[in-house]
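Residue numbers for the sequence shown follow my numbering, beginning at 2 and rising by one.
All residues carry an ideal CB built from backbone N, CA and C; glycine is no exception.
Just so it is clear, the structure is predicted and the values come from calculations on it, not from any experiment.
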Amino acid sequence: MSSITVPARSEYHPNLRPLNILRDLPSVADLIEQCFSATMDSDGRRYIQDMRRAGKDNSFLKWANRVADSTSLPLTGYIWEEDHRIVGNISLVPFRQHKHRLYLIANVAVHPDYRRRGIARALTERAMQHAHEKNVDDIWLHVRADNPEAVHLYETLGFVERSRRTTWQAVTESKMQQQETDISIMWRHPRFWGKQNNWLSRLYPDELSWHTSWNLSMLKPGFFNWLYRMLLDMNIRQWAAIRNTKSLGADALLATLSWIPTGRGESLFLGAGEGSAPEAVTAILIQARHDLRPFYPRVSLEFPAGRFDEAIQDAGFKANRTLLWMQATS
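Below is the structure:
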């Protein structure tokens with residue numbers, strides 16, 4: 002792997018300083034909204050609203066100032082000030098995975114009038130240095146695939162692409178009609194778990210689970226998992242797509258789909274492999290849109306980019322964004 006070159010402290014620009022959450026949050030929220038409003042989804046807009054509310058909550062600010070480096074919230078970072086205003090921002094979010102510490106670089110924003118001057122590079126270099134000062138060498142970020150300039154910047158700083166994932170969204174619909182096909186959709190049978198688990202472990206890798214709410218172990222059949230879900234009042238739904246056959250063996254399985262309620266409906270997990278028929282993916286997603294109508298008006302699916310894209314579109318899903326997950330090499 003190539004090495005990361007982090008500048009010495011003396012090289013930092015005087016316009017660059019640490020984020021002060023006691024006074025900077027409203028201005029940072031304004032900057033992020035200005036930079037990303039054209040591509041911001043509902044989660045992004047909710048994030049901006051939460052940031053503005055937090056900036057007015059004195060009790061939150063006092064708590065956040067104490068735990069900024071230990072909680073998985075964007076409370077640590079750096080800003081670029083010029084002309085008496087904040088024109089650049091970067092956030093550092095700490096995470097833990099199996100006692101392993103890492104940082105996610107996020108909210109890299111530069112005011113349109115101040116771009117192409119090296120501000121984003123300076124902010125990213127300082128964020129990387131911050132991580133090293135905390136003895137954390139595992140640094141990640143994600144960037145939109147349709148932002149080649151940003152991708153190139155991160156590549157020159159030693160980041161490499163580890164995954165490329167698309168977020169899909171669709172409204173639920175009670176009058177959905179399946180296409181005519183020899184594929185049947187049924188509730189997931191416990192005997193399908195082995196194949197389903199193999200698919201899901203590849204499509205939703207543990208390498209990225211630190212940043213997600215993936216808890217795929219809850220999908221495993223068995224009494225204790227059932228009891229655990231009952232205690233949590235968690236109504237998980239699971240479907241399986243098979244060819245019309247009398248056999249329910251694992252060889253008949255073409256695709257699986259699981260819904261884990263999270264409170265916002267963004268909880269579909271698609272299982273499919275090299276031998277899965279695209280029409281099975283389409284059929285199982287259509288069935289979920291129909292069955293989930295009583296619970297949520299819309300659903301989301303995150304899935305590796307380029308895998309069954311056309312089949313997902315045929316089920317009425319629209320691509321919201323494709324993100325490159327990049328990791329710093331050392």
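Which residues DSSP lists as bridging residue i, in chain order
i, result
"Lys221", "For Lys221, which the question treats as bridged, DSSP gives no partner whatsoever."
"Tyr79", "Pro19 and Ile91"
"Trp188", "Trp240"
"Phe37", "The partner list for Phe37 (beta bridge, DSSP) is empty, contrary to what the question assumes."
"Pro1", "Beyond the ends of the chain as shown, which are 2 and 331, falls residue 1; an answer cannot be given."
"Ser268", "According to DSSP, Ser268 bridges with nothing at all."
"Phe160", "Ala329"
"Glu275", "None; Glu275 has no bridge partner."
"His101", "Gln98"
"Val300", "Ala171"
"Arg203", "DSSP output for Arg203 lists no bridge partner at all."
"Pro27", "DSSP, once it has assigned bridges, lists no residue as partnering Pro27."
"Leu254", "Ile243"
"Pro305", "Arg166"
Given residue i as reference, the closest of the options once Cα atoms are compared
i, options, result
"His143", "Asn136, Ser164 and Gln197", "Ser164"
"Leu254", "Asn245, Trp260, Gln180 and Val172", "Asn245"
"Gly85", "His131, Ser28 and Ala107", "With the sequence shown as reference, residue 85 is identified as His, and Gly is not the correct amino acid for it. Minimum Cα distance to His85 is reached at Ser28."
"Glu83", "Arg54, Arg118 and Pro222", "Arg118"
"Ala319", "Val172, Val94, Leu228 and Asp25", "Sequence inspection shows Lys at residue 319; the Ala mentioned does not correspond to that position. When each option's Cα is compared against that of Lys319, the closest is Val172."
"Leu76", "Arg192, Ala107, Val161 and Arg46", "Ala107"
"Leu204", "Pro305, Asp44 and Leu17", "Pro305"
"Asn21", "Phe309, Ile91, Arg308 and Asp292", "Ile91"
"Trp260", "His291, Ala281 and Phe309", "His291"
"Ser268", "Val282, Arg192, Leu17 and Asn236", "Asn236"
"Ser301", "Gly307, Arg308, Arg322 and Ala281", "Arg322"
"Ala55", "Ser43, Thr40, Ser38 and Ala30", "Ala30"
Three-state secondary structure assigned by DSSP to residue i
i, result
"Gln170", "strand"
"Ala320", "strand"
"Val144", "strand"
"Trp260", "strand"
"Met52", "helix"
"Trp215", "coil"
"Ala110", "strand"
"Val137", "coil"
"Val68", "For Val68, the predicted model reports a pLDDT of 45, less than 50, meaning its position is unreliable and no value from the coordinates is stated."
"Arg117", "coil"
"Arg86", "strand"
"Met129", "helix"
"Thr283", "helix"
Contact set for residue i: own chain, Cβ-Cβ below 6 Å, skip 5 residues either direction
i, result
"Leu258", "Trp240, Leu271, Ile285 and Ala289"
"Arg97", "none"
"Phe160", "Met327 and Ala329"
"Glu162", "Leu325 and Met327"
"Ala278", "Leu255"
"Ala316", "Thr283, Leu286 and Ile287"
"Pro191", "Pro222"
Status (buried if at least 16 other CB within 10 Å, exposed otherwise) for residue i
i, result
"Gln197", "buried"
"Thr330", "exposed"
"Trp141", "buried"
"Trp188", "exposed"
"Phe225", "exposed"
"His112", "buried"
"His14", "exposed"
"Ala128", "buried"
"Ala312", "buried"
"Glu126", "buried"
"Asp25", "buried"
"Glu303", "buried"
"His99", "exposed"
"His131", "buried"
"Ala273", "buried"
Own chain, CB closer than 8 Å to residue i, minus 5 neighbours either side, in chain order
i, result
"Arg299", "Gln170, Ala171, Val172, Thr173 and Gly266"
"Cys36", "Ala110, Val111, His112 and Pro113"
Other residues of its chain near residue i: CB distance less than 7 Å, five sequence neighbours each side excluded
i, result
"Val337", "No information on residue 337 is available, as it lies outside the stretch 2 to 331 that the chain covers here."
"Glu34", "Ile49"
"His212", "Phe96 and Leu105"
"Pro339", "Here the chain covers residues 2 to 331 and nothing more, so residue 339 does not appear."
"Leu209", "Ser164 and Trp326"
"Ser73", "Residue placement at Ser73 is poorly supported in this model, since its pLDDT is 46, which falls under 50; the coordinates are not used for a value here."
Below-9 Å beta-carbon distance, residue i vs any chain C residue
i, result
"Phe37", "Reference to chain C is not applicable here, since this structure consists of a single protein chain."
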